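Structure, as structure tokens:
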Amino acid sequence: MLAALVSAPACAATWMRADTHNFILYSSGSESQLREYATKLEKFDAALRFLLNLPKDANPNRLEIYLVADADDVGRLHGDQHTAGFYSPSLDGSFAIANRDRKANKFALDGLTVLFHEYAHHMMYRNFNYSYPTWFSEGFAEYVSTMQFNNDGSWTYGFPAFHRNYDLVADTRSYPVDAMVYNELKGRASNRYGLYAFGWLTVHMLFSTPEYRKKLDTYLRAFGQGTPPRVAATEAFGDMKAFKATVNKYRGGKLIYKKSTMPLDYETAMAISTLNADDSKLVELTMARKSSTNPVRTRNGLAALSAKFPNNANIALELAYAEHEVVLEEYRAARKAALAAKGEAKPPVAEGEEEDEEEDDFDVDPKRYAAAFAALDRAIALNPAQRRALDFKGRLMIETLPGDDKDGWKKARGYISAANRLSPDDPAPLFDYYMSFRRQGVTVPKAAKDALAQAFGTIPEVNEVTFEYAFALAEEGQYRAAENLLKTIAFNPHAGGSLAPLHALAEMERAKLGSTPIDAELKALETATAEAEPAKK
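What follows is the structure, encoded as structure tokens:
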């Protein structure tokens with residue numbers, strides 16, 4: 009169905025929306041299944057908070073979740089047929105796309121397990137500003153993804169991840185658990201399926217006894233503080249050959265799961281509504297836009313929908329987002345072609361990094377943004393209280409304004425401030441307000457710095473925000489705090505795992521102080537990276 013969703017004119021399925029304390033869910037399935045997923049997600053949130061010793065979030069920045077029919081639909085949206093669900097942090101609202109497949113047998117991967125896995129990532133990224141190794145990040149998400157909630161109110165976790173059974177038994181040889189823990193997997197062992205399977209197995213073993221859990225805590229603490237992975241592992245687990253043998257032996261033993269009869273203090277309030285035809289179609293196109301698989305086709309679909317429903321402000325806003333993304337896609341393609349024509353090649357810039365403007369031969373012509381501005385103006389005219397439209401207009405203005413246009417900058421901040429007044433806790437206007445001064449190249453006032461800190465406190469999972477906040481701290485001389493935040497980018501497998509931000513921090517510190525203690529750590533990290541083949545995603 010989704011393969012043609014951006015071009016089919018009027019045959020969209022009817023979608024429903026469920027609003028709970030922590031989530032906004034969209035589904036084209038049955039109301040009963042939507043209610044089931046929403047309830048289990050709230051229970052899962054409460055269980056994770058209990059296991060991780062996290063308090064309830066009284067006013068959460070809710071996660072949007074889109075539930076499509078099956079894994080094939082997810083694969084078409086993501087551009088990867090092997091993807092059954094994915095999570096994406098975003099300034100304009102982090103989201104996940106999962107499927108509604110039921111488990112065909114105990115070895116199958118069902119949609120709810122995928123959703124629990126992705127939400128575990130979200131919970132970790134949002135609540136722990138700490139760097140974790142890839143194997144633990146994926147292994148922990150797998151470990152909690154098999155959680156079950158029973159009719160008597162009890163709940164169980166630590167069930168075997170039977171959907172990883174093939175990867176655990178397919179290769180009868182001893183898996184290189186030591187290399188995995190060192191973050192140095194190579195060759196066949198570096199594929200994501202082996203990493204997920206043995207990451208889960210290792211986490212399961214380390215969570216099985218208080219003694220193992222203490223060793224895991226020691227390892228993670230050392231890793232997060234910058235201790236080289238080999239040293240951190242050896243100091244925590246001892247003889248790594250013996251540790252590797254223990255983990256491989258564990259896969260052939262009897263796995264014990266844990267059951268709790270403690271009632272979960274989860275949020276029960278829920279409102280379910282059925283969307284009309286234009287909003288149902290908009291949900292499908294929004295998924296396509298956020299997935300970024302074909303910006304032009306999605307833009308065309310939104311333009312057709314907007315023409316059909318010209319009085320829908322939400323459609324106009326989505327069209328503005330899509331028009332902007334088409335411009336950026338064209339810009340990137342032209343830039344890549346120009347570099348290729350020169351015989352040059354430039355590595356892709358990871359999320360959270362900045363382009364080297366000195367090597368950039370292209371500036372985005374403000375006139376190219378005309379269609380996006382037109383759609384935004386229509387959205388604001390239709391709904392003057394559309395805060396995202398107000399903020400996005402201010403954001404586009406600061407992307408295109410020359411530094412000496414004082415009136416233009418004032419007007420741009422006026423739109424952003426108007427959005428902030430409508431929703432003071434929305435992180436997007438807070439971040440854009442800070443960035444307006446950075447982009448203009450003027451002194452950043454304290455109010456803007458405070459706005460950045462508030463935005464980071466709300467959406468720390470977004471690398472762009474973490475990057476800016478880390479360097480704002482560095483500019484205040486808080487280099488170690490900045491370093492710790494940038495490590496969350498360096499070791500995040502879903503963000504490309506780039507060391508470039510740490511190098512930039514080292515250069516800043518060296519320029520101001522003449523030296524930096526990060527250098528030795530970076531050298532060790534680069535050595536490990538050069539020796540290892542990164543895990544294939």
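In this text, residue positions in the sequence shown follow the numbering used here: the first is 9, and each later residue adds one.
Glycine included, every Cβ here is placed at the ideal spot set by N, Cα and C.
The structure presented is a predicted model; accordingly, all values stated were derived computationally and were not measured.
State buried or exposed for residue i, treating a residue as buried only when at least 16 other CB atoms are found within 10 Å of its CB.
i, result
"Pro410", "exposed"
"Gly119", "buried"
"Pro303", "buried"
"Asp2", "Shown here, the chain extends from 9 to 545; a query on residue 2 therefore has no answer."
"Ser182", "exposed"
"His90", "exposed"
"Ser40", "exposed"
"Asp273", "exposed"
"Gln156", "exposed"
"Asp369", "Because the pLDDT of Asp369 is 39, which lies under 50, any placement of that residue in the model is unreliable, and the number read from its coordinates should be weighed accordingly. Exposed is the call here."
"Ile264", "exposed"
"Asp109", "buried"
"Thr466", "buried"
"Phe115", "exposed"
"Lys194", "exposed"
"Asn30", "buried"
"Gly83", "buried"
"Asn137", "buried"
"Ala26", "buried"
"Thr269", "exposed"
"Thr22", "exposed"
"Gly93", "buried"
"Arg134", "buried"
What residue does the alpha helix (DSSP H) around residue i start on, and which one ends it?
i, result
"Val7", "As shown, the chain starts at 9 and ends at 545. That puts residue 7 outside it, with no answer to give."
"Ala26", "That residue, Ala26, is in no alpha helix (DSSP H); its beta strand (DSSP E) goes Met24 to Asp27."
"Tyr587", "Outside the displayed range of the chain (9 to 545) lies residue 587, so it cannot be described from this structure."
"Tyr423", "Lys414 to Leu430"
"Tyr441", "Pro435 to Gln448"
"Thr142", "Thr142 to Ser153"
"Ser288", "Ala285 to Ser299"
"Asn308", "Pro303 to Lys316"
"Lys375", "It is not in any alpha helix (DSSP H) - Lys375 carries neither H nor E in the DSSP assignment."
"Tyr204", "Arg200 to Leu214"
"Asn173", "Asn173 to Val177"
"Phe464", "Lys454 to Thr466"
"Phe329", "According to the sequence displayed, residue 329 carries Tyr and not Phe. Tyr329 -> alpha helix (DSSP H) spans Ala321 to Ala349."
"Ala187", "Val185 to Tyr190"
Based on Cα-Cα distance, which residue from the options lies nearest to residue i?
i, options, result
"Phe464", "Val450, Pro453 and Met443", "Met443"
"Met24", "Phe445, Asp287 and Arg446", "Asp287"
"Lys252", "Ile280, Leu263 and Val189", "Val189"
"Ala244", "Asp80, Lys457, Tyr227 and Thr474", "Tyr227"
"Tyr477", "Gly485, Thr466, Ala490 and Glu469", "Ala490"
"Pro236", "Glu192, Ala393 and Thr210", "Glu192"
"Tyr258", "Thr301, Ser268, Leu224 and Val211", "Val211"
"Ala328", "Asn308, Val239, Ala341 and Arg340", "Asn308"
"Arg70", "Thr28, Glu146 and Ser96", "Thr28"
"Asn391", "Tyr95, Pro68, Phe439 and Leu325", "Leu325"
"Ser102", "Glu515, Asn471 and Leu510", "Asn471"
"Pro271", "Val239, Lys194 and Thr164", "Thr164"
"Ala512", "Arg488, Lys111 and Phe479", "Phe479"
"Gln448", "Ala66, Gly402 and Tyr95", "Gly402"
"Phe445", "Lys457, Asp434 and Ala436", "Lys457"
"Leu42", "Gly93, Asn61 and Asn107", "Asn107"
"Pro68", "Gly485, Val452, Pro435 and Glu483", "Pro435"
"His171", "Asn492, Glu407 and Leu209", "Leu209"
"Leu203", "Asp100, Gly232, Asn173 and Tyr220", "Asn173"
Taking the continuous beta strand (DSSP E) assigned at residue i, which residues delimit it?
i, result
"Leu117", "From DSSP, Leu117 is part of no beta strand (DSSP E); its letter is neither H nor E."
"Ser268", "Lys266 to Ser268"
"Thr282", "Ala279 to Thr282"
"Tyr165", "Trp163 to Tyr165"
When you compare the CB of residue i with every CB in chain D, is at least one pair closer than 8 Å?
i, result
"Ala478", "In summary, chain D is missing from the structure at hand, where a single protein chain is found."
**Prompt:** Which runs of the beta strand (DSSP E) spanning at least 3 residues fall entirely within the segment 43-111, listed in chain order?
**Reply:** 71-76, 94-96 and 103-107
**Prompt:** Looking at C-beta atoms only, is the number of pairs between the segment 30-37 and the segment 73-82 that lie closer than 8 Å three or more?
**Reply:** yes
**Message:** Threshold first: 4 residues or longer. Then list the alpha helix (DSSP H) segments lying entirely within the segment 471-517, N to C.
**Reply:** 471-483 and 487-498
**Item:** Stretch-stretch touch, CB-based, cutoff 8 Å, three pairs: the segment 47-54 with the segment 311-323
**Value:** no
**Message:** Within 8 Å, do at least three Cβ pairs link the segment 218-225 to the segment 122-130?
**Reply:** no
**Item:** Three or more C-beta pairs below 8 Å linking the segment 377-387 and the segment 413-421
**Value:** no
**Request:** Could you tell me whether the segment 482-500 touches the segment 139-149, using the rule of 3 or more Cβ pairs below 8 Å?
**Result:** yes
**Item:** Every unbroken alpha helix (DSSP H) within the segment 232-261, with a cutoff of 4 residues, ordered by chain
**Value:** 237-245 and 248-258
**Request:** Tell me the start and end of each unbroken beta strand (DSSP E) in the segment 379-408 that is at least 3 residues and wholly inside, in chain order.
**Result:** none
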